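Chemist: Got a structure for you, questions after.
In the working numbering, the protein residues as written are 331 to 477.
Structure follows, in structure tokens:
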């Protein structure tokens with residue numbers, strides 16, 4: 331478990347909304363602060379309106395990490411990755427969560443609420459927060475991403 335208190339931004343669309351409250355509670359139970367960028371219901375909305383602010387909070391240093399949620403998580407990851415300085419990995423299981431931190435030094439993750447259960451989403455968040463970037467050859471690759 332991560333030992334220091336972090337600030338984590340979270341943004342979701344209507345499809346990802348059911349995962350937001352459990353993830354926020356999980357983060358708070360671990361002693362982390364949460365910046366909630368919305369949305370606040372299952373009413374249809376445009377995901378970039380909520381995902382971009384969550385990613386920008388990371389890029390601007392207001393949040394240490396970001397979590398974005400949607401139906402599949404794909405569109406949300408695309409939006410987050412459009413923000414300079416954000417490396418958002420799409421996670422669907424424990425392995426993908428571990429690898430996106432260890433190999434890609436992700437500072438944001440995207441989770442799809444339709445294919446990922448609440449229990450799995452919480453596992454993903456915990457594993458990702460607890461994982462460490464391995465550096466080495468992976469640093470060279472991350473440097474090329476940042477170009």
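Ideal Cβ positions, reconstructed from N, Cα and C, are used throughout, including at glycine. Quantities reported herein were computed from a predicted structural model and do not represent experimental measurements.
Secondary structure at residue 399, three-state DSSP: helix, strand or coil?
Modeler: It is a strand residue.
Chemist: Please check the pair residue 275 and residue 342, which I expect to be a contact at CB under 8 Å, by giving their CB distance rounded to whole angstroms.
Modeler: Here the chain covers residues 331 to 477 and nothing more, so residue 275 does not appear.
Chemist: Taking Cβ positions, are residue 446 and residue 422 nearer each other than 7 Å?
Modeler: For residue 446 and residue 422, yes; Cβs fall inside 7 Å.
Chemist: Mapping the DSSP letters down to three states, classify residue 405 as helix, strand or coil.
Modeler: DSSP places residue 405 in helix when its eight states are reduced to three.
Chemist: Roughly how many angstroms lie between the CA atoms of residue 444 and residue 345, to the nearest whole one?
Modeler: Straight-line Cα distance between these residues: approximately 8 Å.
Chemist: Does DSSP put residue 447 in a helix, in a strand, or in coil?
Modeler: Reduced to three states, the DSSP call for residue 447 is coil.
Chemist: Decide if residue 335 is buried, meaning its Cβ has at least 16 other Cβ atoms within 10 Å, or exposed.
Modeler: With fewer than 16 Cβ atoms within 10 Å of its Cβ, residue 335 is classed as exposed.
Chemist: Could you tell me if residue 480 is buried or exposed, where buried requires 16 or more neighbouring beta carbons within 10 angstroms of its beta carbon?
Modeler: Outside the shown range of the chain (331 to 477) lies residue 480, about which nothing can therefore be said.
Chemist: Helix, strand or coil: how does DSSP classify residue 456 here?
Modeler: If DSSP states are grouped into helix, strand and coil, residue 456 belongs with the helices.
Chemist: On the three-state DSSP scale, how would you describe residue 420?
Modeler: In this structure, residue 420 counts as strand in the three-state DSSP scheme.
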